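Worksheet for the structure shown next.
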Amino acid sequence: MAQYSDPQEGQLTPMDTDDRTALSWISWFCSSKKHQYYTEVDEKFIEDPFNLIGLNQHIPLYKETLEIILDLEPDDAMYNRVPDLSLLEPAAELLYGLIHQRYILTKMGMLQMYEKYEQGDFGKCPRVFCNDCHLLPCGEHDTPKQSSVRLFCPNCKDIYIPPNPKYQDIDGSHFGTTFPHLFFQAFPESIKVVEPNIYVARLFGFRISELSAVGPRMQWLRMVKDKPVAITAEGEEDEDADDTMMAP
Numbered sequence: 001m002a003q004y005s006d007p008q009e010g011q012l013t014p015m016d017t018d019d020r021t022a023l024s025w026i027s028w029f030c031s032s033k034k035h036q037y038y039t040e041v042d043e044k045f046i047e048d049p050f051n052l053i054g055l056n057q058h059i060p061l062y063k064e065t066l067e068i069i070l071d072l073e074p075d076d077a078m079y080n081r082v083p084d085l086s087l088l089e090p091a092a093e094l095l096y097g098l099i100h101q102r103y104i105l106t107k108m109g110m111l112q113m114y115e116k117y118e119q120g121d122f123g124k125c126p127r128v129f130c131n132d133c134h135l136l137p138c139g140e141h142d143t144p145k146q147s148s149v150r151l152f153c154p155n156c157k158d159i160y161i162p163p164n165p166k167y168q169d170i171d172g173s174h175f176g177t178t179f180p181h182l183f184f185q186a187f188p189e190s191i192k193v194v195e196p197n198i199y200v201a202r203l204f205g206f207r208i209s210e211l212s213a214v215g216p217r218m219q220w221l222r223m224v225k226d227k228p229v230a231i232t233a234e235g236e237e238d239e240d241a242d243d244t245m246m247a248p
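Next comes the structure, spelled out in structure tokens:
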């Protein structure tokens, strides 16, 4: 009988061999409510050594941890080498997270994350003028144990801390700094078109000056650049230009 953390609560509970066989470690890990941001990494991706280059320097008991993720050894054999499997759980979560960071940059990984994004699994932007624009998880760093996961809004281009505490312990490196920006380059049509709008502070109907102690600060950070205007060969504006044209 092996021991694994309960997917719902994160507590260590026994798991029967039959149940363990029916559910792979990856499926079990991603089925946890607190791991809703993750997608299931294809085992073929993990089995390719090229995709794992450099990860062993971050993981203690790297070989044993990788075998846990891929279900390569019977539990009895693993117990002979590591009597307490719970010692491998933090390492397995870290290793899977770093593999996950690389996987979601692939075509297959992005397609899986695209489905979750469209379903709103990552939540909506808390900014009022973003009109419930869907968010995408990201990290402020690519190396582990630097900061927790953040949520990126493609409309206001800002990041937010997940409102639910169960997600605030997720390492931001499990998603990395590149993912959201590469994602929206791959799926530009998924960006919700929202009319640019910035809140204007007023007193008795009069706009408060930025020079005032209670005035607005750095509103330019919320401003969205106008779309570029296409110019014809004759030097005139092209009225038939694609409205979705983006700046290089």
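Numbering (UniProt numbering), first residue to last: 1 to 248.
Ideal Cβ positions, reconstructed from N, Cα and C, are used throughout, including at glycine.
If you're wondering where the values come from, they're calculated on a predicted model, not measured in any experiment.
The ligand HEM and residue i: does the residue's C-beta get closer than 7 Å to at least one heavy atom of that ligand?
i: Arg202; result: The ligand HEM is absent from the structure shown, which contains no ligand whatsoever.
What residue range is occupied by the uninterrupted alpha helix (DSSP H) comprising residue i?
i: Cys138; result: Careful: Cys138 lies outside any alpha helix (DSSP H), inside the beta strand (DSSP E) at Leu136 to Cys138.
i: Phe29; result: Trp25 to Cys30
i: His181; result: Phe179 to Ala186
i: Ile208; result: Note, Ile208: premise wrong, no alpha helix (DSSP H); not H, not E.
i: Leu87; result: No alpha helix (DSSP H) contains Leu87, which DSSP labels as neither H nor E.
i: Tyr114; result: Lys107 to Glu118
Please determine, among the options, the residue with the shortest C-alpha to C-alpha distance to residue i.
i: Leu70; options: Val41, Phe50 and Ile59; result: Val41
i: Glu93; options: Glu118, Gly109, Met110 and Glu67; result: Glu67
i: Ile151; options: Thr178, Lys145, Glu89 and Ala22; result: Looking at the sequence itself, residue 151 is Leu, so the reference to Ile does not match. Among Thr178, Lys145, Glu89 and Ala22, the Cα nearest to that of Leu151 belongs to Thr178.
i: Pro126; options: Ser148, Asp171 and Asn155; result: Asn155
i: Gln119; options: Ser209, Met108, Tyr37 and Lys166; result: Tyr37
i: Lys107; options: Lys33, Phe45, Arg207 and Ala22; result: Phe45
i: Gln168; options: Ala213, Val149 and Phe184; result: Val149
i: Ser147; options: Cys153, His134 and Gly172; result: Gly172
i: Trp25; options: Gly109, Asn56, Pro60 and Thr65; result: Thr65
i: Phe175; options: Pro144, Cys138 and Phe122; result: Cys138
From residue i to residue j, what distance separates their C-alpha atoms?
i: Glu43; j: Ile191; result: 30 Å
i: Leu182; j: Tyr114; result: 12 Å
i: His58; j: Gly215; result: 47 Å
i: Tyr62; j: Leu98; result: 13 Å
i: Tyr160; j: Asp84; result: 37 Å
i: Leu211; j: Cys130; result: 27 Å
i: Glu195; j: Pro90; result: 44 Å
i: Pro163; j: Leu88; result: 29 Å
i: Ser31; j: Arg102; result: 20 Å
i: Glu189; j: Pro180; result: 14 Å
i: Leu72; j: Asn51; result: 18 Å
i: Lys157; j: Phe187; result: 16 Å
i: Phe29; j: Ile104; result: 16 Å
i: Arg202; j: Gly54; result: 54 Å
i: Phe206; j: Ala213; result: 15 Å
i: Leu95; j: Cys153; result: 27 Å
i: Asn56; j: Gln112; result: 26 Å
Applying the 10 Å Cβ sphere with the 16-neighbour rule, what's the burial state of residue i?
i: Tyr199; result: exposed
i: Leu136; result: buried
i: Ser27; result: exposed
i: His141; result: exposed
i: Thr39; result: buried
i: Phe122; result: buried
(request) List in chain order: all unbroken alpha helix (DSSP H) runs of 4+ residues lying wholly within the region 43-79. (result) 43-47 and 62-70
(request) Can you check the region 125-175 for any beta strand (DSSP E) of at least 3 residues that lies completely inside it and give the ranges in chain order? (result) 136-138 and 150-152
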